[in-house]
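Undergrad: Letter 219 of the sequence shown, counting from 1, is numbered 202 in this note's numbering, and no numbers are missing.
Virtual Cβ for every residue (Gly too), placed ideally from N, Cα, C.
Since the structure is predicted, the reported quantities are computational estimates derived from the model, not experimental observations.
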Amino acid sequence: MHRELFVAIVQSFFAFVFLDSTAQNAGAQAWVLPKGAGTISFTHQRLYNTGHRRIGGLLAKVGQSTTMGLYVEGEYAFTDRLSVSAGLPYVFAKYTARNLPPPPIPVLPWDACHCRQSDWQDFGFTARYNVFNGVFALTPSVSFGMPSHDYEFRGEAVVGRSLKEVQFSVDVGRRLDSISENLSVQGRYSYAVVERPIDIPNNRSNARLQAAYQLTVNLSTYGFVSWQHTHGGLSFGSPLPGAALAFPGEVNTEERLFQHDRMMRDNYSHVGAGASYQFQRFDVFGSYTAYVAGTDTHAGRAFTAGISFPFEFRLGN
């Protein structure tokens, strides 16, 4: 490939993903790419929402849905410390429950038809700056996200929440060479400042702890736990007798009912495991996530699989 053509392709790709990206940078890690290295990744995720978890431990097996997404992401390291990544997901959603949502939740046409809805979701951009990159790694980052357009956010079969946000994160990692040269642990904390469509706080904290083990030169496995806490939002309460907050809880006005799908006090705990395999020209990866607990959140599970193509290109050479 001629140098000029390669430069044009790289410039066109980044011009696209910088504008058409999402802040959901699931691939962020404590260790960063070396200068001039980059990746282009294609990730498919399938979410099975098998019900809703209310306060007081109630699992309501209603409002089931399936969501699938294809996420395209590019990352490039401008220096040994600074890298940027950007991407855009295309999402398919379908309401799968036999029964329609119970009152007071409105029955929306895209749920009632049990047909698949699909659309582009949110643009985003992430910049990461590595502070330490040895046995111990520390990398703060900032992400920006905004809806790609004015898509529908109400109902179960929708592609997203259609909210702008800024997310501040820090990733830390350590290789446990004293135990095994193949073992490492990583942790992540992020705080997202989220747009308020109504005058109710909706920011959130997320944390993730992961342990990885390099089984062979090419094969790596990992397990993780993740957690989310919403600072504000709305709670549906619970219909159980004696509940501290009776259903429909804080969703008690027409305005709140209209906005509740993207304003819930979504708190959860997830666990999962995954693996990646490195071939000569590309990497493949996959994971399984189980939704183990939470309130005002979905119950269910998620499957993720993808392929990543590394490349090297020195700008200015």
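1) Between the C-alpha atoms of residue 289 and residue 202, what's the straight-line distance to the nearest angstrom?
2) Residue 242 lies in the alpha helix (DSSP H); which residues open and close that run?
3) From residue 37 to residue 109, what distance separates their C-alpha atoms?
4) Does the region 166 to 174 touch the region 183 to 200, meaning 3 or more C-beta pairs lie closer than 8 Å?
5) In whole angstroms, what separates the C-alpha of residue 53 from that of residue 264?
6) Can you list, in chain order, the residues of its chain whose CB lies under 6 Å from that of residue 189, leaving out five sequence neighbours each side?
7) Among 293, 14 and 274, which has the Cα closest to the Cα of residue 118?
8) Sort 27, 61 and 55 by Cα distance to residue 18 and report the nearest one.
9) State the beta-bridge partners of residue 132 as determined by DSSP.
10) Return the residue from the list 72, 132, 220 and 297 that minimises the CA-CA distance to residue 279.
11) Excluding the 5 residues flanking residue 180 on each side, which residues of the same chain have their C-beta closer than 6 Å to its C-beta?
12) For the beta strand (DSSP E) containing residue 293, list its first residue and its last residue.
13) Leaving out five residues before and five after residue 292 in sequence, what residues of the same chain have Cβ atoms less than 6 Å from its Cβ?
14) Whether or not the region 87 to 99 and the region 137 to 152 are in contact is what I'm after, with contact meaning three or more pairs of Cβ atoms, one per stretch, closer than 8 Å; do they touch?
15) Would you report the Cα separation of residue 214 and residue 162, rounded to the nearest angstrom?
16) Considering residue 72, what are the terminal residues of the beta strand (DSSP E) in which it resides?
17) Can you list the beta strand (DSSP E) stretches of 3 or more residues lying completely in the region 140 to 178, in chain order?
18) Could you spell out the range, first to last residue, of the alpha helix (DSSP H) harbouring residue 93?
19) Quick one: Cα of residue 217 to Cα of residue 228, how far?
20) DSSP on residue 38, reduced to helix/strand/coil?
21) Figure out for me which residue from 29, 254, 267 and 281 has the closest Cα to the Cα of residue 247.
22) Have a look at residue 40 and residue 239 and give me their C-alpha separation to the nearest angstrom.
23) What is the rounded straight-line gap between the Cα of residue 185 and the Cα of residue 249?
24) Straight-line CA distance for residue 156 to residue 209?
25) Less than 7 Å between C-beta atoms, sequence neighbours within five positions excluded: which residues of the same chain meet that for residue 225?
26) How would you label residue 245, buried or exposed, when you count the other beta carbons within 10 angstroms and need 16 or more for buried?
27) Return the CA-CA distance between residue 297 and residue 16, expressed in angstroms with no decimal places.
28) Within 10 angstroms of the Cβ of residue 113, are there 16 or more other Cβ atoms? Answer buried if so, exposed if not.
29) What is the DSSP secondary structure of residue 111, counted as helix, strand or coil?
TA: In short, the structure shows the following:
1) Approximately 15 Å, taken between the alpha carbons.
2) Residues 237 to 242.
3) Each residue's Cα considered, the two are about 33 Å apart.
4) Verdict: yes, contact present.
5) Those two C-alpha atoms are separated by around 21 Å.
6) The residues are 173 and 211.
7) Closest by alpha carbon: 14.
8) Among 27, 61 and 55, the Cα nearest to that of residue 18 is on 61.
9) BP columns for residue 132 are empty, so no partner.
10) The shortest Cα separation from residue 279 among 72, 132, 220 and 297 belongs to 220.
11) These residues qualify, in order along the chain: 242.
12) Counting along the chain, residue 293 sits inside the beta strand (DSSP E) bounded by residues 280 to 295.
13) Listed in chain order, the non-local C-beta contacts of residue 292 below 6 Å within the same chain comprise 23 and 265, local neighbours out to five positions each way being set aside.
14) In short, these stretches touch, since the Cβ pair count reaches three.
15) One C-alpha to the other measures close to 38 Å.
16) Start and end: 65 to 78.
17) Taking only runs of at least 3 residues, the beta strand (DSSP E) segments lying wholly in the region 140 to 178 are 148 to 158 and 166 to 177.
18) 92 to 95 is the extent of the alpha helix (DSSP H) around residue 93.
19) Annotation: residue 217 to residue 228 spans about 11 Å, alpha carbon to alpha carbon.
20) Secondary structure of residue 38 (DSSP, three-state): helix.
21) Looking at the Cα atoms, 281 is the closest of the given residues.
22) Using only the alpha carbons, I get a separation of about 23 Å.
23) About 10 Å.
24) So the alpha carbons of these two residues sit roughly 16 Å apart.
25) Answer for residue 225: no residue qualifies.
26) So residue 245 ends up on the buried side.
27) Distance between the alpha carbons of residue 297 and residue 16: 13 Å.
28) Looking at its Cβ environment, which holds 16 or more other Cβ atoms inside 10 Å, residue 113 is buried.
29) Here residue 111 carries a strand assignment [DSSP, helix/strand/coil].
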